[in-house]
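Number of protein chains: 4
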Amino acid sequence: MAATATAPAPDAQLRFPPPALGARPIDRAAWEAAFRHVRDETERRAAPLSPEDQQIQSMADASPTKWHRAHTTWFFEQFLLKAHVPHYRVFDERFFYLFNSYYVQAGPRAPRISRGLVTRPTCDEVTAYRAHVDREVGALIASADAATLAAVIAVLEIGLHHEQQHQELLLTDILHAFAQNPLAPVYDPGWRWPRPGQAARDRPAPPRGPSAPEAGPVALAPGIVQVGHAGEGFSFDNESPRHDVLLAPVAVDRALVTNGDWLEFMQDGGYAKPELWLSDGFLAAQAEGWEAPGYWRRRDGVWSSMTLAGVTAVDPALPVTHVSYYEADAFARWAGRDLPTEVEWEAACPQLGDAFGHVWQWTRSAYAAYPGYRPLPGALGEYNGKFMVSQFVLRGSSVATPLGHSRPTYRNFFYPHQRWQFTGLRLSQYRA
Amino acid sequence: MAATATAPAPDAQLRFPPPALGARPIDRAAWEAAFRHVRDETERRAAPLSPEDQQIQSMADASPTKWHRAHTTWFFEQFLLKAHVPHYRVFDERFFYLFNSYYVQAGPRAPRISRGLVTRPTCDEVTAYRAHVDREVGALIASADAATLAAVIAVLEIGLHHEQQHQELLLTDILHAFAQNPLAPVYDPGWRWPRPGQAARDRPAPPRGPSAPEAGPVALAPGIVQVGHAGEGFSFDNESPRHDVLLAPVAVDRALVTNGDWLEFMQDGGYAKPELWLSDGFLAAQAEGWEAPGYWRRRDGVWSSMTLAGVTAVDPALPVTHVSYYEADAFARWAGRDLPTEVEWEAACPQLGDAFGHVWQWTRSAYAAYPGYRPLPGALGEYNGKFMVSQFVLRGSSVATPLGHSRPTYRNFFYPHQRWQFTGLRLSQYRA
Amino acid sequence: MAATATAPAPDAQLRFPPPALGARPIDRAAWEAAFRHVRDETERRAAPLSPEDQQIQSMADASPTKWHRAHTTWFFEQFLLKAHVPHYRVFDERFFYLFNSYYVQAGPRAPRISRGLVTRPTCDEVTAYRAHVDREVGALIASADAATLAAVIAVLEIGLHHEQQHQELLLTDILHAFAQNPLAPVYDPGWRWPRPGQAARDRPAPPRGPSAPEAGPVALAPGIVQVGHAGEGFSFDNESPRHDVLLAPVAVDRALVTNGDWLEFMQDGGYAKPELWLSDGFLAAQAEGWEAPGYWRRRDGVWSSMTLAGVTAVDPALPVTHVSYYEADAFARWAGRDLPTEVEWEAACPQLGDAFGHVWQWTRSAYAAYPGYRPLPGALGEYNGKFMVSQFVLRGSSVATPLGHSRPTYRNFFYPHQRWQFTGLRLSQYRA
Amino acid sequence: MAATATAPAPDAQLRFPPPALGARPIDRAAWEAAFRHVRDETERRAAPLSPEDQQIQSMADASPTKWHRAHTTWFFEQFLLKAHVPHYRVFDERFFYLFNSYYVQAGPRAPRISRGLVTRPTCDEVTAYRAHVDREVGALIASADAATLAAVIAVLEIGLHHEQQHQELLLTDILHAFAQNPLAPVYDPGWRWPRPGQAARDRPAPPRGPSAPEAGPVALAPGIVQVGHAGEGFSFDNESPRHDVLLAPVAVDRALVTNGDWLEFMQDGGYAKPELWLSDGFLAAQAEGWEAPGYWRRRDGVWSSMTLAGVTAVDPALPVTHVSYYEADAFARWAGRDLPTEVEWEAACPQLGDAFGHVWQWTRSAYAAYPGYRPLPGALGEYNGKFMVSQFVLRGSSVATPLGHSRPTYRNFFYPHQRWQFTGLRLSQYRA
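Chains as they are written, first to last, in the UniProt record's numbering: chain X, 1 to 432; chain V, 1 to 432; chain P, 1 to 432; chain D, 1 to 432.
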């Protein structure tokens, strides 16, 4: 993971979420530590960035670093402090409008595309905002009476997972911004991709099973399995309800598709053969001029790639990343294979290599509600459900995903044309 | 069905597909009759239209009537006559380029958006083109030797179903075109919606079960069922392979949502409440200024609608139509219900009312490949698979669907913002 | 001129405007003949076109043939018959909306871009509309009492010149439409460009001076000259008031720039050298992919051009046409010369070759009001003044300009990126 | 003027350009002082802005403050130091690409729209860049041998005027950026509009004539006058050659149009009456939703305006500003008056009030070359000529124009839809 590679966290032993999660009585100290841990991680990720870097929004899908820092703070102020602290002193009334993202029910909000135009408050003022809210949240955790503590912790927990999501976006957004700069700035000269079969330096072992892939694919037996979150530990509402599904006979590759594999696809003319592509996908590839994964650059016949460590040579052994769903789908067709469904991925997960901490893996499942799904009531219910159209589910987690934010039931989702995330793929095959 | 309402087909007794379908030996006469029946139906639908009407393309998604008439003819020339008639005399070499739609492997093609700019050939020349190809196909059916007859009929059958699809588009496209004209032209003054519980005048009974809805919903028992085409009779490749799926406990309404239901949604402010909508859906509704189904117009507080019979009053008892997926989804949320999945729809189909011949029914299933699906080889394989992204499946069939083109396993698909088809919905509900 | 080349007008002797113009008493018969002459010319130009051809609008700047025929008729109905015929029986009330172009004060109007979507009324109905209005106008000319005759003729005269403008657009618009068709239809196989130094076959001698260019440029002496219309004969309001201007010492070429000249510019890389271009012009050239004049096509290294006679070889001796202002300006810079101002053109006009009847000639004058200009009162005042921004003046007239519609003070105007008209250029040079 | 209001320049006595301009021998010290003066003024204007403020580009027409600071520095490095300093040590090679604006002949350049994405170099690095170039230029002025000094000073002088132009843009661009921020940040709380009849606090008297307007208009006698720069002192190439023009009899208002005048136009429905507008202008007004000058906001029926001092009440006595040409033209038509031509403005200039230092004044002259104009050779020739299309000339100068940058022959130019500059108007009238 990026920033921690150069600046190891003093509390690297601490794991998020805290061990006491869900336990009774609620461990106030553990939650307060978890809160500090997550909040500090955001600042560690922002630390290498100048005020100028933190200001810009390099495309409509991205957000400024400063905005990520402020918006995650707004979340605690809006949903935790305003609701549970009597006579709460708001830091700045105007921030409720400025730093709302898309919570319609939480009030009006600034247009997404203009986030990069808000130069005031400055980075320093956002730092003060964060400190103010951190103090207030800390005090609330410490002082909430028993009657409200459970409600407080329930929102706090969502807020921490929410902030972790923005930690990942912070890195992918700044990578996109830096990639627009002809000078190709370096976010962290010490940043490195984890090797296949290894976790990132400070990343815990994946939840289940070995990280190193065994040879061959994982063959899944047909039959009924359960998918979705089982109810222990945190999950987002879109992981529920846990429910039965029927598996088809399928084999899922233990290994991720690599840059080396992708170079073969390119050398075979994969980007120029419409018969390999979805119709919309080929139109997108033509319109965008895609002829390689995102951030790849060719000079003198050699491919390199813009990364958080600057421009580096493409390593054939590493997993391919910054590919869109359209590209992943075309690659699978070229290979005579499939992308797994999200159900197949989840069923195979314990036996997969590099399931977590390398690249998010496109599945061929459109993002949709599980049977019987109902969003949370109120503004927090806008978190997931309203995006259930035209996007695809990705499973696993990436090199940019913070500690404690990976689990087998996690459902990430992006549009099929998007590729600024650390998105890759693994293949599968139906068996007769 | 539109045109036949005023001009009953002389061969209304004939059913398509012919009874001998799949039988051995192949009944040449029956196939020749089926071919004539389908070809004639296209001309019947075009008959009320002037050369000017047949020329225009009123939006990128639509095509001119003249183009539909020529493109369906091209299909037979390209895939049947060129392949199976020795020394076939091409009608006009240039038509292979002009009237290819999207078959990349069949050669270059004119840009879709400029179909409306091709004034030559004229309608009369297209009529001559159709006559030429009809003669040649008739002769081929009559004279093909036994060794090639099976291959000929296989392509012929696809071509007939392909033409039937364009027959439906011909009506929905001209309705869109006429709706742009301030004079609101009438396609057929005798055109009428079928009443609920009744099939269109000349429409056969649906494949299974009663047309009239019984009271209450159809409760489906949880468990494994099979979906997909069973192998008898024609189907498109996307209906295969037939496979097992696991049903959740769900109840599917026997009745379609009506205009009266929709007026309640509108009166409750449904179009203005973002919390009811998918995020992309609300953006689309705002951008397009939707405040009612497509073609609805309010004058002096009364809603009427542009139809194939011109502008008529909105009848609360008829099924709502010309609604997008976004609207259908918002309506379901407003009603505290769901849209069924395509699997649920197919399982419930035998017990549904008005499943066929009224409106296509949005399901909440994204259009995707069945497990193990593989498209046909060659250019005909471009028919379905390459559109399996960002669209939703609709089931049933509509008032514009020609005879013999409805079946329980049929998978229609459109983008969630589209609403120029006869698209409606029925609701469902998961049971605890 | 196109249509007349194949269908010589029976009244080719008749000149428009009629000799009695402006004379007193008003010669009713001459005006009625002029009216018939102009109206017939429109129909002659439309005659080679099928209903399909007449329907389409191939870009926003163009209009359908059918619309030109109807709109010019609307003009007489709106401004002449409704105003001056008691109890006038309107042909179809709805046409007042449908066929208004841009006269805001004449009431609401259909959006310009959707003209091509109005398939009803059909061409035949427009023919009936024209006949109805022709009869009524004829009767009005014959029967108007002396008190109103002058007012009637004043509007009639504007209407005839207005219709002549649309006659030219009718040809340029159908040429654009046919150029979009991969079949490159032929409007008139007998259509030919006039040779340099010759007028079109049935074109009268230009108003003043010889048509054949003498050698060398026309040197204008510095000093005060008068420009603008002198008050005899018809003119549009934008040609007034006649006023003094001060000429700089300048020489204007007698000859037009030819295709041969333009090929030299192209061979010298003119389209690829930004230093030759206005900044906006180079952007337009890049965005549109211009590398030759409009409608030019290269096959096997040879240039041909889409014309009203179909695709023909580019003749180096003919004047270049279908060039935008941006291109004309770049050409002049490449040649180390200037484009003349409209004042310089008008002062040099009597001595210019091919001033009329070949190509409209770009001047470097932005289209603006003459000092003290005031538009006509009422809706007719919207004719010219409201377009006086961002366009450039062209002088002369083109091969498509109808008889009697050329004069030295005529100010045509188009945007600098437009090139679907018959637009060319001549060069000039300031003298020390 | 903005920044100096709060931070009076220590060298306010110094006038730019230096008195010795054009004199021989060249006064090195005076030029060095002028250089320092202009360079310091840029930094004074940037001083109130945070690194975040300096980073953003709030629309395609604007540029970041940081970019203005770097680009003006690039100009000296590119055209002065690289050309005249032997063995010049470039600050950073990559800046030649990054900070070129539109000088095609000076090499490739970054796309304009992405200026706001270049976060590195930071503001601090740009400060170092400026210091480096300042030192080098200072040394060059001091040490250039007599043979090259004249050439050095010629480029230096252009560079200083170039930088002054960017000083004005710096203020208008940051005002636009701040106006996008819901918090409406204040650039300078002490910033004030000069009162009518008064110059800005530190602004010198206009070049000729009294600042305070006398009553009534300036009547110009018809006849030949000379316009264009006479050859003393600096001018841009577009002000030449000086040439004779013939004046029509016209009267030009001594006073500027005020906010009070504009409120009358608004109250009379001026923004909603298409008959007052150019056709393109009304389309722009509708598309942009204009109903008042730029940056005006109405709350509770009261109009205020975003200014460099934040949101302040609209003062009816002050000149209206942030109006487009389209609006100025419509206002003149509403008033039954004209906008003056640039020639009329220049002829009337000595007798006009508030000609300089308040608002740029739209003329009705399209921006075009004077007769016989030829741009400078080489890249510096791209300065003016290539923009001579589709723009209008503005005369005078504004509250944001730096000292020494106003003169009667100065030709500023913008597109007719633009209004983020301090653009206003005065009226005129032709006399019979």
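Positions of the beta carbon are idealized from the N, C-alpha and C atoms, including for glycine.
C-beta contact flag for residue i and residue j at 8 Å
{"i": "leucine 403 of chain X", "j": "tryptophan 362 of chain X", "result": "no"}
{"i": "valine 245 of chain X", "j": "tryptophan 345 of chain X", "result": "no"}
{"i": "proline 196 of chain D", "j": "aspartate 354 of chain D", "result": "yes"}
{"i": "arginine 120 of chain D", "j": "threonine 73 of chain D", "result": "no"}
{"i": "arginine 192 of chain V", "j": "histidine 322 of chain V", "result": "no"}
{"i": "glutamine 351 of chain P", "j": "arginine 431 of chain P", "result": "no"}
{"i": "leucine 171 of chain D", "j": "threonine 258 of chain D", "result": "no"}
{"i": "serine 390 of chain V", "j": "tyrosine 410 of chain V", "result": "no"}
{"i": "tyrosine 97 of chain P", "j": "glutamate 382 of chain P", "result": "no"}
{"i": "aspartate 338 of chain V", "j": "alanine 332 of chain V", "result": "yes"}
{"i": "phenylalanine 91 of chain D", "j": "valine 133 of chain D", "result": "yes"}
Separation of residue j from residue i, as counted between CA atoms
{"i": "lysine 273 of chain P", "j": "glutamate 291 of chain P", "result": "11 Å"}
{"i": "arginine 69 of chain V", "j": "proline 293 of chain V", "result": "29 Å"}
{"i": "glutamine 180 of chain P", "j": "tyrosine 295 of chain P", "result": "10 Å"}
{"i": "alanine 177 of chain X", "j": "histidine 71 of chain X", "result": "19 Å"}
{"i": "alanine 205 of chain P", "j": "alanine 230 of chain D", "result": "Unreliable placement is indicated for alanine 205 of chain P, whose pLDDT of 47 sits below 50; the coordinate value is still reported in the next sentence. Spanning the two alpha carbons is a distance of roughly 47 Å."}
{"i": "threonine 307 of chain X", "j": "tyrosine 325 of chain X", "result": "20 Å"}
{"i": "lysine 82 of chain X", "j": "tyrosine 88 of chain X", "result": "6 Å"}
{"i": "leucine 183 of chain X", "j": "glycine 116 of chain D", "result": "14 Å"}
{"i": "aspartate 280 of chain P", "j": "aspartate 329 of chain P", "result": "12 Å"}
Residue i, DSSP secondary structure in three states
{"i": "isoleucine 174 of chain X", "result": "helix"}
{"i": "residue 438 of chain D", "result": "Chain D is shown from 1 up to 432; residue 438 of chain D falls before or after that span and cannot be answered."}
{"i": "serine 365 of chain X", "result": "strand"}
{"i": "leucine 246 of chain D", "result": "strand"}
{"i": "threonine 423 of chain P", "result": "strand"}
{"i": "phenylalanine 392 of chain X", "result": "strand"}
{"i": "serine 324 of chain P", "result": "coil"}
{"i": "alanine 287 of chain V", "result": "helix"}
{"i": "valine 252 of chain D", "result": "strand"}
{"i": "histidine 87 of chain V", "result": "coil"}
{"i": "valine 218 of chain P", "result": "strand"}
{"i": "arginine 15 of chain D", "result": "Here the model assigns arginine 15 of chain D a pLDDT of 43, short of 50, so the residue's position is not dependable and the matter cannot be decided."}
{"i": "tryptophan 74 of chain P", "result": "helix"}
Contact set between residue i and chain V, taken where Cβ atoms lie within less than 7 Å
{"i": "phenylalanine 96 of chain X", "result": "Within chain V, no residue comes near phenylalanine 96 of chain X; the closest Cβ sits about 18 Å away, beyond 7 Å."}
Under 7 Å from the C-beta of residue i: neighbouring residues of chain P
{"i": "leucine 117 of chain V", "result": "Ile56, Ser58, Ala177, Gln180 and Asn181"}
Amino acids of chain X, ordered along the chain, whose beta-carbon sits closer than 8 Å to that of residue i
{"i": "serine 114 of chain D", "result": "Gln180"}
Neighbour list for residue i in chain X, Cβ cutoff strictly below 7 Å
{"i": "proline 319 of chain D", "result": "Correct list: empty, because the minimum Cβ distance to chain X is about 28 Å."}
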